[in-house]
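Below is one structure, written out as structure tokens, with a few remarks after it.
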Amino acid sequence: MIEANQLCKVFRDKKRGEIRAVDDVSFRCLPGQIYGLLGVNGAGKTTCQRMLATILQPTSGTAKVAGYDVVNEPEKVRASIGFMSTATALYGRLSAQEMVEYFGRLYGLTESVLQKRIDELFTVFDMNEYRDRRCDKLSTGMKQKVSVARTLVHDPPVMIFDEPTLGLDVMTARTIVNFIRDCRTRGRTVIFSTHVMSEVEKLCDIIGIIHNGRLLAEGTIGSLREKYGPGDLEDIFIRVVEGGGR
Amino acid sequence: MNLRKIGVVYRKELIDSLRDRRTLISMIVIPLLLMPLLTIGMGLFTAKMMVSAMQETSHVMVIGGEDSPRVMSAIRTAKLVALVPAAPDYIKQVSKKKVGAAVVIPKDFDASLERNETMTVPIYMYEGEFPSQIAADRMDKALRDLGAATVRERLAARHVSDALLQPINVEQHKVGSSVLAGLIPYLVILLSITGAMYPATDLTAGEKERGTMETILCSPVSRTDLVLGKFLVVTTTALATSMLAVLAMGFSFLYAKSAGAGMPLDSASIFQLNIDAGAVIAVFAMVLPLVMFFSAVLLTIALFAKSYKEAQSYLSPLMIVVILPAVMSMMPGVELNMETALVPILNTSLVSKEIVTGTYPWEYIFFIFGSSTVYAAIALAVAVKLFNREDVLFRA
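Protein sequences appear in the order of chains A and B.
Residue numbers for the first sequence, in my numbering: 1 to 246.
Residue numbers for the second sequence, in my numbering: 1001 to 1396.
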């Protein structure tokens, strides 16, 4: 489960002064649910997810991920999540297997468990063919699969995806979308951020619309339509953003 | 601190670095090929050039001297000298390198000597031109020999022993050479920072640039363990670089000694290196905390950079900062004392210089090892602190 409680993140910039990248954001995502954070570029999605992944520390507020506090138990939080974003690249000079092994070892898996888990993942994602190939020699699609295997090697209960399909071709994006859906089926808690409306409509159980660091609206697509009027998600999104959530 | 995780990070980063061509070049190719080539190759080349120049006949122009057969005979009988006909533009001929040197014999030279007068003989030469220098030296020697013979004759005429003019005879016997031995600590220090520079950049700014920083930060390894793992890799490559350089130098010296053995001049002695393996090991022990200090400093600076390029522009000036104290240690007058023992780099250079020449100043050895370790610990603490700062890790 993910439980964000009044999360705030303030950056200080010499030129622009104080920037409230995430401002008083609270939400909840249960196991077997996909929570979609929808927002334009710079809305605060990445900062919010980085705080959940303990890569950044909240300025105020807190969050619980898989029962652990992001401020006080960051290492336990990281051991319980699989985090994937456009910024989580692979080590080009390691092979696909070495890449997954490295993270498995950091997660504290024993060698026998790790090898079993790698065999399983490489077979499920059809990656055995390029197991020993260096990551910088892989195609974008192959790289994405290695990233997925990397996030799953320790079988985490919580998955955090930050715009995972950004810049990917249709086929590769589809693989990722199917994988996220599979995570829900397996009872994982999933938080997923994007600015692609169609992906949110297809995948998410609950949608949170974030703008200028604030969570302006939240609910299922049905409840959002009820509150903000008819139309597709794009129409609703624009009405929410323009109306400031009213 | 989790030793197992530090080990996992260390192993991965070492494999990663060893697969990087640029690290391999700075760690293996430069010390193994470039250093021997630069030091021994250049040394042998210069020695060979000198030898061949010294075996060549010098062309000398003598102006005047028609009335002085004695001095002319002294010049003619000088070894490896050929006289060319005199010409009025002799200075020009020397400056155009047509003749090696020109000697002007004053009028009535022989007669003036017999009158017990002192004669001045100008020799014209092209400074910086080796064959011209040799020609002038040969003339100088011929004239000095003649001068010495004249002195002996003058003394004999007065029934005075020539020993009267030479009360002391000095003999120098070389039993060791510290010129090259002094170079070893310098080389170890310089090469260790060269070897550390690339991996330090690659493991920090390189990670940011390639987008793997966020990948590793979301894993359960603590940032302190991550820095320690990276720090140990940088230290390993730095030490490996300097060890390979010393090994390459050692083998090159052995080769150069045998290659220089057949040379007629003293060139073989250039490559004499009288230090033992124990001293080299002691130097490495002294250099270890310094290498750790370098590794931590380089990591800290490179981490601050957003990209590889930016890191390089920060680190390049650092080379000069390192070279300066190392060079200072080789200057005459810069000695080991309580003040210099506190200056990082300089202290290690100075104490290592002592060690390679066979002296072990134990009180300084302990003091310098201790102070260098403290510096390394401070630098490492700064690196760890910086690794925990979001504004540095995500500097945009």
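All C-beta atoms, glycine included, are put in the ideal place defined by N, C-alpha and C.
Check whether chain A comes within 7 Å of residue i, counting only Cβ atoms and requiring the distance to be less than that.
| i | result |
| --- | --- |
| Glu-1214/B | yes |
| Pro-1199/B | no |
| Glu-1310/B | no |
| Arg-1022/B | no |
| Gly-1229/B | no |
| Arg-1223/B | no |
| Val-1008/B | yes |
| Pro-1036/B | no |
| Ser-1219/B | yes |
| Pro-1390/B | Checking the displayed sequence, the identity of residue 1390/B turns out to be Glu instead of Pro. Chain A contact via Cβ: present. |
| Gly-1211/B | yes |
| Arg-1395/B | no |
| Ala-1268/B | For Ala-1268/B, the predicted structure reports a pLDDT of 48, less than 50, and the residue's modelled location is therefore unreliable. The matter cannot be settled from this model. |
| Asp-1202/B | no |
| Lys-1208/B | no |
| Lys-1012/B | yes |
Kindly list the residues whose CB is nearer than 8 Å to the CB of residue i, restricted to its own chain and excluding five residues on each side of it in sequence; keep chain order.
| i | result |
| --- | --- |
| Asp-1110/B | Asp-1067, Ser-1068, Pro-1069, Arg-1070 and Val-1071 |
| Asp-232/A | Met-197 and Glu-201 |
| Leu-950/B | Summary: the structure shown does not reach residue 950/B, with chain B confined to residues 1001 through 1396, and so no result is reported for it. |
| Leu-1265/B | Since pLDDT at Leu-1265/B reaches only 47, below the 50 mark, its modelled position is unreliable, and the value read off the structure follows with that caveat. Here the set comprises Ala-1047, Met-1050, Val-1051 and Met-1054. |
| Lys-64/A | Met-1, Ile-2, Glu-3, Asn-5 and Val-70 |
| Lys-227/A | Ala-217 and Gly-219 |
Please go through the same chain and pick out, in chain order, the residues whose beta-carbon is closer than 6 Å to the beta-carbon of residue i, but skip the five residues on each side of it.
| i | result |
| --- | --- |
| Pro-1131/B | Ala-1053 and Gly-1100 |
| Ile-1063/B | Ala-1086, Tyr-1090 and Val-1104 |
| Ser-1252/B | Pro-1036 and Ile-1040 |
| Phe-1297/B | Reading off the sequence shown, one finds Val at residue 1297/B, where the question assumed Phe. Contacts found: Ala-1379. |
Taking 7 Å as the threshold (C-beta atoms), are residue j and residue i in contact?
| i | j | result |
| --- | --- | --- |
| Val-200/A | Ala-149/A | no |
| Phe-1231/B | Ser-1316/B | no |
| Leu-38/A | Val-22/A | no |
| Lys-143/A | Phe-125/A | no |
| Glu-1013/B | Val-1233/B | yes |
| Ala-1205/B | Ala-1305/B | yes |
| Pro-1036/B | Ala-1248/B | yes |
| Glu-163/A | Thr-86/A | yes |
| Val-1283/B | Ser-1352/B | yes |
| Thr-1201/B | Ala-1082/B | no |
| Arg-188/A | Met-159/A | yes |
| Pro-1344/B | Tyr-1375/B | yes |
| Arg-1223/B | Ala-89/A | no |
| Ala-1142/B | Tyr-1124/B | no |
Thinking residue i and residue j are a contact (beta carbons under 8 Å), I'd like their distance in whole angstroms, please.
| i | j | result |
| --- | --- | --- |
| Thr-1057/B | Leu-1033/B | About 38 Å separates the two Cβ atoms, so there is no contact after all. |
| Thr-59/A | Lys-9/A | 5 Å |
| Tyr-35/A | Ile-191/A | 5 Å |
| Val-1287/B | Ser-1192/B | 7 Å |
| Val-177/A | Leu-152/A | Going by Cβ atoms, the distance from Val-177/A to Leu-152/A rounds to 16 Å, so no, they are not a contact pair. |
| Gly-82/A | Cys-135/A | Incorrect: roughly 18 Å between the Cβ atoms, too far for contact. |
| Asp-1225/B | Lys-1048/B | The pair is not a contact, with the Cβ atoms about 55 Å apart (cut-off 8 Å). |
| Ala-1240/B | Leu-1187/B | Going by Cβ atoms, the distance from Ala-1240/B to Leu-1187/B rounds to 14 Å, so no, they are not a contact pair. |
| Val-1356/B | Thr-1300/B | Going by Cβ atoms, the distance from Val-1356/B to Thr-1300/B rounds to 31 Å, so no, they are not a contact pair. |
| Pro-31/A | Thr-54/A | So it is not a contact: roughly 20 Å between Cβ atoms. |
| Ser-193/A | Phe-161/A | 7 Å |
Please report whether the beta-carbon of residue i lies at a distance below 7 Å from any beta-carbon of chain B.
| i | result |
| --- | --- |
| Phe-27/A | no |
| Tyr-91/A | yes |
| Leu-106/A | yes |
| Ile-176/A | no |
| Arg-117/A | no |
| Leu-7/A | no |
| Ile-55/A | yes |
| Tyr-35/A | no |
| Tyr-102/A | yes |
| Ala-43/A | no |
| Arg-78/A | yes |
| Glu-111/A | no |
| Ala-87/A | yes |
| Phe-192/A | no |
Whose C-beta lies closer than 7 Å to the C-beta of residue i among residues of the same chain, with five residues either side of it excluded?
| i | result |
| --- | --- |
| Gly-243/A | none |
| Tyr-1010/B | Gly-1229, Leu-1232 and Val-1233 |
| Ser-147/A | Met-84, Thr-88 and Leu-90 |
| Pro-1199/B | Ser-1017, Thr-1023, Val-1233, Val-1234 and Thr-1237 |
Would you say the beta carbon of residue i comes nearer than 6 Å to a heavy atom of the ligand NAD?
| i | result |
| --- | --- |
| Thr-1237/B | No copy of the ligand NAD appears in this structure; indeed no ligand is present at all. |
Of all the beta strand (DSSP E) runs that stay within the bounds of the segment 155 to 207 of chain A, which reach a length of 3 or more residues? 158 to 162 and 189 to 194
Would you mind listing the alpha helix (DSSP H) stretches within the segment 1067 to 1095 of chain B that are 4+ residues and don't spill past its ends, in chain order? 1069 to 1076 and 1090 to 1095
Which ranges would you report for the alpha helix (DSSP H) in the segment 1342 to 1386 of chain B if only whole runs of at least 4 residues count? 1346 to 1356
Note down, one range per segment and in chain order, each beta strand (DSSP E) of at least 3 residues found wholly within the segment 59 to 117 of chain A. 60 to 65 and 81 to 85
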